[in-house]
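Since the structure comes first, as structure tokens, the remarks are kept for the end.
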Amino acid sequence: MALTMTRTRTQTALTQLVETLASLKGELAFVEAWMAEAGAPVELVGRREVLLEQHKALATTLQVFDPALAVESVAPSEGWARSLGQMRLSVKVMRARYFNTHGGKKTAN
Numbered sequence: 009m010a011l012t013m014t015r016t017r018t019q020t021a022l023t024q025l026v027e028t029l030a031s032l033k034g035e036l037a038f039v040e041a042w043m044a045e046a047g048a049p050v051e052l053v054g055r056r057e058v059l060l061e062q063h064k065a066l067a068t069t070l071q072v073f074d075p076a077l078a079v080e081s082v083a084p085s086e087g088w089a090r091s092l093g094q095m096r097l098s099v100k101v102m103r104a105r106y107f108n109t110h111g112g113k114k115t116a117n
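One rule links them: number in the numbering used here = place in the sequence shown (from 1) + 8.
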């Protein structure tokens with residue numbers, strides 16, 4: 009079957025949605041791992057809730073878009089970390105930037 013403009017746009021949109029879901033899963037894993045440590049900022053609880061709501065909405069959208077897609081099989085990615093600057097930051101610097109962006113304005117551990 010030949011690719012039409014509509015089919016190409018549909019595939020592009022589906023790809024972007026899956027990439028967004030993978031990035032969201034990566035950020036959620038980062039937040040949950042941080043929350044599991046002693047002394048984690050309490051503001052992370054709120055951020056986790058936001059991420060879970062976004063995950064649910066995006067998963068629902070993908071299921072409507074393509075019912076055959078196994079949303080749970082989408083692997084987490086580190087794409088979300090690009091918004092913090094460089095991808096290869098130390099954990100301490102990454103957490104500080106993340107907290108300043110999403111959690112508050114004080115320095116995080």
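Note that beta-carbon positions come from the ideal geometry of N, C-alpha and C, so glycine has one too.
Every value quoted in this text rests on a predicted model; they were computed, and no experiment measured them.
Meets three-Cβ-pair contact criterion under 8 Å: the segment 51 to 65 and the segment 80 to 91:
Counting C-beta pairs with one atom in each stretch, the segment 51 to 65 and the segment 80 to 91 have fewer than three that are closer than 8 Å, which means they do not touch.
Between the alpha carbons of S91 and V72, how many angstroms are there, rounded?
Within the model, the alpha-carbon separation for S91 versus V72 is close to 28 Å.
In angstroms, rounded to a whole number, what distance separates the CA positions of F107 and L36?
Rounded to the nearest angstrom, the two C-alpha atoms are 14 Å apart.
Nonlocal neighbours in the same chain, by C-beta distance under 8 Å from L59, ignoring five residues either side
Within its own chain, the residues whose Cβ lies closer than 8 Å to the Cβ of L59, once the five positions on either side in sequence are excluded, are L32, E35, L36 and V39, listed in chain order.
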